[in-house]
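Per the numbering used here, the sequence shown starts with residue 1, numbered consecutively. From the three backbone atoms N, C-alpha and C, an ideal C-beta is built for every residue, glycine too. Quick notes on the structure that follows.
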Amino acid sequence: MASRDLNENAAARETILALATGPVRSAVAILRLSGPASRFVLETIAGTCPDPRRASLRHLRSPTTNEILDHALVFWFPGPGSFSGEDMAEFHVHGGTAVIGAVIAAILDIPRCRLAEPGEFSRRAFLAGRLDLSEAEGIADLVDAETELQRRQALRQMDGALSTAVQGWRDRLVDCLAEVEAELDFSDEGDVPDHLADAVRPRVAAVRCEIAAALADGRRGERLRQGFTVVIAGAPNAGKSTLFNRLLQREAAIVTAIPGTTRDVLETSLDIDGLPVILIDTAGLRSTEDVVEKEGIRRALLRAEGADLVLALEAFDSPPQPSSWAAPTLRLWTKSDLRQAPDAFEGLAVSSTAGEGIAELLDAIADRAREALGNGAALVTRERHREALVTALAALDRGVELDKPPELFAEDLRLALRGLGRVTGHVGVEDILDRVFSSFCIGK
Ligand SMILES: Nc1nc2c(c(=O)[nH]1)N(C=O)[C@@H](CNc1ccc(C(=O)N[C@@H](CCC(=O)O)C(=O)O)cc1)CN2
Ligand SMILES: Nc1nc2c(ncn2[C@@H]2O[C@H](COP(=O)(O)OP(=O)(O)OP(=O)(O)O)[C@@H](O)[C@H]2O)c(=O)[nH]1
Ligand SMILES: [Mg+2]
């Protein structure tokens, strides 16, 4: 892929530094550098530049005082065959906060070195043509992945699943456009034979169809990134917080025998069979004049409305609840250890204290989440991709209309190509780079 970095002169570039590992005490911490001064930093702090890609054990020294700061493994990754495409270096230091602070301070003393912005290493890799925009997003998603399916989806995207599909559509549409344009060039105006457009139209329609299929995915990819939200709702004292704690296997919410205990919305993520589930405990629903409780109930109803699934709890000792919710609902009869569900009850009986029905409930949630989130094979994983593909699809829809003059057909093809190019960042991306990369972590 050609370098997109046309504006900046490499030598004038700053060298960026970041802690690539977590900002906590750890056995080993990795400091990462990218930019033209990387080699000089290695020579200054570690004495000499090691062989490319080989771990070398060095004393790190402060260039100002010559004091030894740490014994560390150091790496040299010469550009352009590095992750970012630039010269890069790594310091694998002991992961104490004072060690990290001292080495960072020593490096920042070197001219033209500064701390990296979030996503700046990946941004430089993108600008150097080492990866495209959707592959860079895959890296960010991989770092953020909390469940197995999120990991799988992110890895596919990092490996270019979406890029490859988009690139294939682009190539085919470019061929179509070239044929339409050639014909336009060689014919008198308004005199393009219809058979040309007729020959190209089915090929465009085939691409159109594939893009439409990728979009008709029930937003699985986006939802897998975000998680499947399950709201626990019901009357005060129905056992919502007890169930919440049982599903999380820890005492996250306060439980008492007093109705109206929970007021805030409590939200925690849960991994069920690799599926990311966001479990939400809410205030018990009742009419009340208490302003705090009222606000809690308002928030509870708001979250229930936007949920992927509402668990509507009822117990023998709690008043009946609204029978229908805007979101898909699973009715639960709680406290089944104390009183059996009435015969007419349509739903699942559970006891959070005795454990009855809990495995079945987890299975039911997993089934619904799997249905909504898919298996990690969706191509479209962000609203950004969807918007760009919808734009391309709309242009192709217009393009394939019968009796469309070839000039306008060609223009529609160009618009479609621009939409596809935005997914991978091949065209018109200046406005979205900040938005995409600022959501990355520091050090990525
Ligand atoms: N210590 C460390 N671990 C890491 C990374 C890193 O930068 N540093 N990574 C970074 O995020 C990931 C690995 N990804 C990488 C991707 C490409 C190259 C690289 O230098 N590629 C060259 C040469 C490959 C070779 O021949 O060995 C290339 O593709 O040309 C390095 C790391 C995960 N683990
Ligand atoms: N025996 C039995 N008691 C339960 C069960 N679930 C909840 N309880 C009891 O019911 C009472 C209310 O439980 P909570 O979980 O606080 O109820 P809640 O729905 O969160 O109530 P609010 O937060 O007030 O809306 C507590 O005394 C719990 O110990 C259960 O499965 N079996
Ligand atoms: Mg509660």
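Let me confirm a value: residue 81 is counted as buried when at least 16 other C-beta atoms fall within 10 Å, else exposed. Which label applies?
Taking the sequence shown and counting its residues from 1, one reaches residue 81 at position 81. Exposed, by the Cβ-count rule.
Closest by C-alpha distance to residue 57, when choosing among 262, 43, 72
The count along the sequence shown starts at 1 and reaches residue 57 at position 57. Ranking the options by Cα distance to residue 57, first place goes to 72.
If we ignore side chains and look at the alpha-carbon of each, how far apart do residue 114 and residue 432 end up?
Here residue 114 refers to the residue found at position 114 of the sequence shown. Here residue 432 refers to the residue found at position 432 of the sequence shown. The alpha-carbon atoms of residue 114 and residue 432 are separated by roughly 24 angstroms.
Quick check: does the Cβ of residue 53 come within less than 7 angstroms of any heavy atom belonging to ligand 1?
On the sequence shown, position 53 is the one that residue 53 refers to. Answer for residue 53: yes, Cβ within range of ligand 1.
Residue 107, enclosing alpha helix (DSSP H) - first and last residue
The count along the sequence shown starts at 1 and reaches residue 107 at position 107. It spans 97-108 - the alpha helix (DSSP H) in which residue 107 sits, taken as one unbroken run.
Going by DSSP in three states, residue 126 sits in which element: helix, strand or coil?
Within the sequence shown, residue 126 is the residue found at index 126, counting from 1. The answer is helix: DSSP assigns residue 126 an H, G or I state.
At a cut-off of 7 angstroms, is residue 238 close to ligand 2 when judged by its beta-carbon and the heavy atoms of the ligand?
Position 238 of the sequence shown, counted from the start, is the residue given in the question as residue 238. Because some heavy atom of ligand 2 lies under 7 angstroms away, the Cβ of residue 238 counts as near it: yes.
What's the call for residue 448, buried or exposed, on a 16-neighbour Cβ count within 10 Å?
Residue 448 is absent from the structure shown; the chain starts at 1 and stops at 444.
Could you tell me whether the Cβ atoms of residue 140 and residue 444 are closer together than 8 angstroms?
In the sequence shown, the residue the question calls residue 140 occupies position 140. In the sequence shown, the residue the question calls residue 444 occupies position 444. Their beta carbons are under 8 angstroms apart, which means residue 140 touches residue 444 by this criterion.
Does the distance from the CB of residue 400 to the CB of residue 205 come in under 8 angstroms?
Along the sequence shown, one-based indexing puts residue 400 at 400. Along the sequence shown, one-based indexing puts residue 205 at 205. The criterion of a C-beta distance shorter than 8 angstroms is satisfied by residue 400 and residue 205.
Beta-carbon proximity of residue 181 to residue 196, cut-off 8 angstroms
For this step, residue 181 is matched to residue 181 along the sequence shown. For this step, residue 196 is matched to residue 196 along the sequence shown. Taking 8 angstroms as the Cβ cut-off, residue 181 and residue 196 do not qualify as a contacting pair.
Express the C-alpha separation of residue 381 and residue 224 in angstroms, rounding to a whole number.
For the purposes of this step, residue 224 is identified with residue 224 of the sequence shown, where counting begins at 1. For the purposes of this step, residue 381 is identified with residue 381 of the sequence shown, where counting begins at 1. Whole-angstrom Cα-Cα distance: 8 angstroms.
How far does the beta strand (DSSP E) with residue 232 in it extend, from its first residue to its last?
Position 232 of the sequence shown, counted from the start, is the residue given in the question as residue 232. 228-234 is the extent of the beta strand (DSSP E) around residue 232.
Determine, using beta-carbon pairs with one atom in the region 259-276 and one in the region 144-153, whether at least three such pairs fall under 8 angstroms.
yes
Applying the 10 Å Cβ sphere with the 16-neighbour rule, what's the burial state of residue 86?
To locate residue 86, count along the sequence shown from 1; it is residue 86. Flag for residue 86 reads buried.
Quick one: is residue 176 buried, meaning 16 or more other Cβ sit within 10 Å of its Cβ, or exposed?
As a position in the sequence shown, residue 176 is number 176, starting the count at 1. Residue 176 sits buried, since 16 or more C-beta atoms from the chains shown fall within 10 Å of its C-beta.
Whose C-beta lies closer than 7 angstroms to the C-beta of residue 373 among residues of the same chain, with five residues either side of it excluded?
One-based indexing of the sequence shown puts residue 373 at position 373. The answer, listed in chain order, is 149, 220, 223, 224, 228, 275.
Report the rounded CA-to-CA distance for residue 279 versus residue 261, giving the unit in angstroms.
Walking along the sequence shown from the start, residue 279 turns up at place 279. Walking along the sequence shown from the start, residue 261 turns up at place 261. When rounded, the distance between both Cα atoms is 18 angstroms.
Going by C-alpha distance, which of 119, 336, 95 is nearest residue 17?
Residue 17 sits at position 17 when you count from the first residue of the sequence shown. For residue 17, the closest C-alpha among the options 119, 336, 95 is that of 119.
Coil, strand or helix - residue 2 by DSSP
Start at 1 with the first residue of the sequence shown, and residue 2 comes out as number 2. Model confidence at residue 2 stands at a pLDDT of 44, short of 50, so the residue's coordinates are unreliable and nothing is read from them.
Relative to the C-alpha of residue 395, which candidate in 384, 375, 419 has its C-alpha closest?
Mapped onto the sequence shown, residue 395 falls at position 395. Checking every option, the nearest Cα to that of residue 395 belongs to 419.
Just checking, does the region 277-297 make contact with the region 229-238 on the three C-beta pairs under 8 angstroms criterion?
yes
Among 439, 352, 329, whose alpha-carbon lies nearest the alpha-carbon of residue 338?
As a working note, residue 338 is residue 338 in the sequence shown. It is 352.
Would you call residue 7 buried or exposed, if buried means 16 or more other Cβ atoms sit within 10 Å of its Cβ?
Here residue 7 corresponds to residue number 7 of the sequence shown, with the count starting at 1. Low confidence applies to residue 7: its pLDDT is 46, below 50, so where it sits in the model is not reliable enough to give any reading.
Would you mind stating whether residue 109 and residue 93 have Cβ atoms separated by less than 8 angstroms?
In the sequence shown, residue 109 corresponds to position 109, counting from 1. In the sequence shown, residue 93 corresponds to position 93, counting from 1. In this structure, the beta-carbon distance from residue 109 to residue 93 does not fall below 8 angstroms.
Could you pull the DSSP bridge partners for residue 314 from this structure?
Residue mapping note: residue 314 aligns to position 314 of the sequence shown, counting from 1. Paired residues: 333.
Does residue 230 come within less than 8 angstroms of chain D when only Cβ atoms are used?
The question asks about chain D, but that chain is absent: this structure has only one protein chain.
Helix, strand or coil for residue 298 per DSSP?
Taking the first residue of the sequence shown as position 1, residue 298 is located at position 298. In the structure shown, residue 298 sits in a helix (DSSP, three-state: H, G or I).
Per DSSP, the bridge partner or partners of residue 58
The sequence position of residue 58 within the sequence shown is 58, counting from 1. Residue 58 pairs with 72.
Could you tell me if the beta carbon of residue 81 falls within a distance shorter than 7 angstroms of some heavy atom in ligand 1?
Numbered from its first residue, the sequence shown carries residue 81 at position 81. For ligand 1, at least one heavy atom lies less than 7 angstroms from the Cβ of residue 81.
Compute the Euclidean distance between the alpha carbons of residue 66 and residue 46, then round it to the nearest angstrom.
Residue numbering aside, residue 66 sits at position 66 when the sequence shown is read from its first letter. Residue numbering aside, residue 46 sits at position 46 when the sequence shown is read from its first letter. Straight through space, the alpha carbons of residue 46 and residue 66 are spaced by roughly 11 angstroms.
According to DSSP, is residue 427 helix, strand or coil?
Here residue 427 refers to the residue found at position 427 when the sequence shown is read from its first residue. Coil, per DSSP.
How many angstroms separate the CA atom of residue 169 from the CA atom of residue 151?
As a working mapping, residue 169 is identified with position 169 in the sequence shown. As a working mapping, residue 151 is identified with position 151 in the sequence shown. Each residue's alpha carbon lies about 26 angstroms from the other.
Hey, could you find the ends of the alpha helix (DSSP H) residue 176 is sitting in?
The count along the sequence shown starts at 1 and reaches residue 176 at position 176. Start and end: 161-186.
If you reduce the DSSP assignment to three classes, tell me which class residue 77 lands in.
Taking the first residue of the sequence shown as 1, we reach residue 77 at position 77. Note: residue 77 maps to strand in three-state DSSP.
Distance check for residue 208 and residue 138, CA to CA, integer angstroms please.
Position 138 of the sequence shown, counted from the first residue, corresponds to residue 138. Position 208 of the sequence shown, counted from the first residue, corresponds to residue 208. Approximately 25 angstroms between the Cα atoms of the pair.
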